[in-house]
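Notes follow once the structure below has been shown.
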Amino acid sequence: MSVLVFVEHTEGQFKKSAYEVVSYAKAIAKHLHQPLTALAIGNITTEELQRLGRYGASKILHVNHHKLASFINQGYASVIAHTVREEGVEFMVLSNSFSGKDLAPRLAAKLQAGLASNVVALPEIDGDQLTVKTTAFSGKAFAYITLHSPVKVLAVNANTIESKEDPTTTNIVALEPAAIDMADFKAMIKELIQTTDKVALPEAEIVVSGGRGLKGPENWNIIEDLAEALGAAVACSKPVSDAGWRPHSEHVGQTGITISPKLYFAVGISGAIQHLAGVSSSKVIVVINKDPEAPFFKVADYGIVGDAFELVPKLTAAVKAYKNK
Amino acid sequence: MRILVCISHVPDTTSKITFSEDKTTFNTTGLQYIINPYDEIALSKALALVEGGKGTVTVITVGEPVTEPTLRKALAIGADDAIRINAYPQDAWFVANQLTAYVQDKEIDLILTGRESIDYNSAQVASYLGELLHLPSVAIAKKVELQGNRATVEREIEGGKEVMDIPLPLVIGTAEGVAEARIPNMRGIMSARTKPLTVIEPIEVPQLGRITYYEAPVPRGSVKLIDASEPEKLVELLHQEARVI
Ligand SMILES: Cc1cc2nc3c(=O)[nH]c(=O)nc-3n(C[C@H](O)[C@H](O)[C@H](O)COP(=O)(O)OP(=O)(O)OC[C@H]3O[C@@H](n4cnc5c(N)ncnc54)[C@H](O)[C@@H]3O)c2cc1C
Ligand SMILES: Nc1ncnc2c1ncn2[C@@H]1O[C@H](COP(=O)(O)O)[C@@H](O)[C@H]1O
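Printed below as a string of structure tokens:
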């Protein structure tokens, strides 16, 4: 009945989502009265590994091998699957990040495990079955998935639960990867380009998003200033990225990224169904639009009817004033 | 060069999603179906890669007879032939196993899928295929280029991208940026009717999980409007009432 969580890091620093999945897996482990084991792969300091203990992992398996220095889905999936077998894991938790999407199905196939992706709540465990809530239809519905395979894999969305400190004594174990299979390393990374050092959109707790109402890319500074004041990530509607005002990686909606931040600011976005699909699971939605009839107001929690060019800088000033208090 | 493009038949993006009384199935009556938008990107890319007689593009779907108009549309856009595996696509694991059974004994250089289907959004099929076929895979690619028998693929990562160099054959899930979706022209539509569409029967796949029921999102309460002259009021509400800042 043991629980294993795989944690991701960027250049040796655990991601925000890593602590979230540890807290998620810890909740399952507690429910089952089991200890929690975490697995990290790559070049990570002992000090950083120790942090996982603060969130409740009592055993930390660390695999550091030159072939596994950067993420290669096949190589990583082999190591994780091997660990699952060695540790007799029943519940495998990882984050539903870009890399998680590369990994989870591979792992599930290797282990003949049932897989639930887009997980947004803790599971109900009933004997050897597990049922968990996932998003479907791009946020227009939830689907409850029941897994009944001996091993179960859960890929958990960012912001599903808040990471929570729950310190335990930890034991860090350096693991040698079992036989490295060269067939797993056909893909090579030529270059890694970090386009932002700020919080990444899929993981962000607060997102400020701009639409066609902003008229052009030269006006994005008002969006960026508000985002900066709030410590938020920046997003946009589809026509904005289609027009090349902003990169496609910022486009949210049914055909873009689906996000579920605590707070979503929609500025100059009308609220088309395809846009709403990607953002409707945000906890709180604020809409700023000059048209009181804009459909977005119907699904918002707070709204201001007004001109973004006047309003957003004032709002930014108000946020700064609040933060300074 | 032979390219296989996996096509998912999904409800149109404007669809309202509703469920049966007992919440175990979603209502399909009255829904318009389309080629999954990401699969359209995959298909357009495939067609661009074989342009000038450099190869063929086969489209494949796991679906019941109702999915045939979607395959015909893919043929009209420019695919050379279509395969339908005659089964209801229960989940990504089922679909990937069916596709694997078809691909296994074929010489295919590149398999393209969409990054996710807009109905179940599981983003699982591409990586399942990679594993089941023992091929490299990229679940979410923003750019794909070929040089001989190698591919340069830009993989999306949080806050950036990774440029990868991967030998063919491989599986790629395409996202926006890979290609512009193509629209069928009159000649395409005419010729689609006579292009081959082969139906094959499914294999047995052990079930590992299933959707037990659906739930609609809880509707939000009505919006609280704040006067444009008092933006500081909004900040206060977000802090004290909503507790999100
Ligand atoms: C297959 C398909 C998939 C799609 N997928 C997506 C998707 O994933 N994401 C997405 O976003 N869209 C998607 N769309 C497009 C979607 O239907 C809408 O066209 C799009 O969301 C509209 O973008 P917008 O709100 O920025 O622009 P508009 O609809 O043009 O709205 C602009 C808004 O700005 C307001 N405004 C103008 N000036 C100001 C001002 N000075 N101050 C304040 N407000 C102002 C206007 O009142 C208006 O409400 C998709 C469409 C299709 C067909
Ligand atoms: N029934 C299906 N038949 C063929 N391909 C599919 C099917 N369902 C999904 N796919 C492919 O797999 C991709 C990802 O789907 P999913 O894993 O369901 O999000 C889609 O974009 C399609 O390319």
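Line order of the protein sequences matches chains D and F. Last residue of the first sequence: 325 (the working numbering), numbering continuous. Last residue of the second sequence: 570 (the working numbering), numbering continuous. The beta carbon of each residue, even a glycine, is placed where N, CA and C say it ideally should be.
Within the same chain, show all residues whose beta-carbon is closer than 6 Å to that of residue i, passing over the 5 residues directly before and after it, in chain order.
i: GLU124(D); result: THR131
i: GLY303(D); result: VAL287, PHE297
i: GLY455(F); result: SER462, VAL496
i: ASN328(D); result: This structure cannot speak to residue 328(D), because chain D is shown only from 1 to 325.
i: GLN274(D); result: GLY253, GLN254
In whole angstroms, what separates the C-alpha of residue i from that of residue j?
i: LEU460(F); j: VAL207(D); result: 37 Å
i: VAL548(F); j: ILE359(F); result: 33 Å
i: ASN96(D); j: SER117(D); result: 7 Å
i: ARG440(F); j: GLY256(D); result: 10 Å
i: LEU36(D); j: PRO414(F); result: 35 Å
i: ALA421(F); j: TYR427(F); result: 10 Å
i: ALA399(F); j: ALA294(D); result: 35 Å
i: PRO239(D); j: ARG212(D); result: 7 Å
i: VAL234(D); j: LEU201(D); result: 7 Å
i: PRO247(D); j: THR196(D); result: 12 Å
i: VAL530(F); j: PHE419(F); result: 6 Å
i: GLY485(F); j: ILE193(D); result: 6 Å
i: SER149(D); j: GLY114(D); result: 6 Å
i: ILE433(F); j: GLN13(D); result: 40 Å
i: LYS190(D); j: LYS379(F); result: 27 Å
Is any beta-carbon of chain D found at less than 7 Å from that of residue i?
i: LEU550(F); result: yes
i: ASP444(F); result: yes
i: LEU533(F); result: yes
i: LEU367(F); result: It is worth fixing the name first, because residue 367(F) is Ala in this sequence and not Leu. With 7 Å as the cut-off, ALA367(F) does not count as an interface residue toward chain D.
i: LYS468(F); result: no
i: ARG475(F); result: no
i: LEU400(F); result: no
i: PRO492(F); result: yes
Based on Cα-Cα distance, which residue from the options lies nearest to residue i?
i: PRO336(F); options: ALA367(F), GLN429(F), ASP444(F), LYS520(F); result: ASP444(F)
i: GLU487(F); options: VAL496(F), THR477(F), LEU493(F); result: THR477(F)
i: ALA81(D); options: LEU94(D), ASN73(D), LYS110(D); result: LYS110(D)
i: MET489(F); options: CYS331(F), VAL469(F), ASP405(F); result: VAL469(F)
i: THR353(F); options: PHE137(D), ASN171(D), VAL63(D); result: PHE137(D)
i: ILE60(D); options: LEU52(D), LYS67(D), HIS66(D); result: LEU52(D)
i: LEU435(F); options: ARG535(F), GLU346(F), ILE491(F), ALA567(F); result: ILE491(F)
i: ILE172(D); options: HIS65(D), GLU191(D), ALA40(D); result: ALA40(D)
i: ALA179(D); options: SER78(D), ALA27(D), ALA38(D); result: SER78(D)
i: ASN355(D); options: ALA57(D), ALA25(D), VAL7(D); result: No statement about residue 355(D) is possible, as the shown extent of chain D runs from 1 to 325 and does not include it.
i: GLY513(F); options: SER554(F), LEU396(F), SER452(F); result: LEU396(F)
i: GLY244(D); options: ILE410(F), GLY388(F), GLU501(F); result: GLU501(F)
i: LYS198(D); options: LEU230(D), LYS67(D), LYS190(D), ASP181(D); result: LEU230(D)
i: VAL569(F); options: PRO217(D), SER70(D), VAL284(D); result: VAL284(D)
i: GLY473(F); options: ASP552(F), LYS467(F), LEU493(F); result: LEU493(F)
i: ALA38(D); options: LEU226(D), VAL93(D), THR258(D); result: VAL93(D)
Between the beta-carbon of residue i and the beta-carbon of residue j, is there less than 7 Å?
i: LYS164(D); j: SER23(D); result: yes
i: ARG327(F); j: THR381(F); result: yes
i: SER333(F); j: ASP364(F); result: yes
i: LYS133(D); j: VAL120(D); result: yes
i: VAL305(D); j: ARG545(F); result: no
i: GLY268(D); j: ALA318(D); result: no
i: GLY278(D); j: VAL252(D); result: yes
i: VAL89(D); j: LEU4(D); result: yes
i: ILE72(D); j: ALA143(D); result: no
i: TYR76(D); j: TYR19(D); result: no
i: GLU526(F); j: PHE98(D); result: no
i: VAL450(F); j: VAL384(F); result: no
i: VAL387(F); j: ILE410(F); result: yes
i: GLY139(D); j: SER280(D); result: yes
i: ALA155(D); j: ALA104(D); result: yes
i: PRO261(D); j: SER237(D); result: no
i: THR160(D); j: THR537(F); result: no
i: PRO313(D); j: ILE222(D); result: yes
Answer with yes or no whether the minimum CB distance from residue i to chain F is below 7 Å.
i: ARG106(D); result: yes
i: GLN365(D); result: No answer is possible for residue 365(D): it lies beyond the span of chain D, which begins at 1 and ends at 325.
i: VAL240(D); result: no
i: TYR327(D); result: Because chain D is modelled from 1 through 325, residue 327(D) falls outside the range shown and cannot be assessed.
i: ASP102(D); result: yes
i: LEU83(D); result: The sequence given here has Thr at residue 83(D), not Leu. With 7 Å as the cut-off, THR83(D) does not count as an interface residue toward chain F.
i: SER95(D); result: no
i: GLY114(D); result: yes
I'd like the list of long-range same chain contacts for residue i, defined as Cβ closer than 7 Å, with 5 residues on each side in sequence excluded.
i: ALA232(D); result: ALA204, ILE206, VAL207, VAL208
Just to confirm my understanding: we take residue i, look at its own chain, exclude 5 residues before and 5 after, and list those with CB closer than 8 Å. What are they?
i: LYS370(F); result: LEU437, VAL469, THR499, VAL503, ALA504
i: ALA448(F); result: ARG440, GLU441, ALA464, ILE465, GLY498
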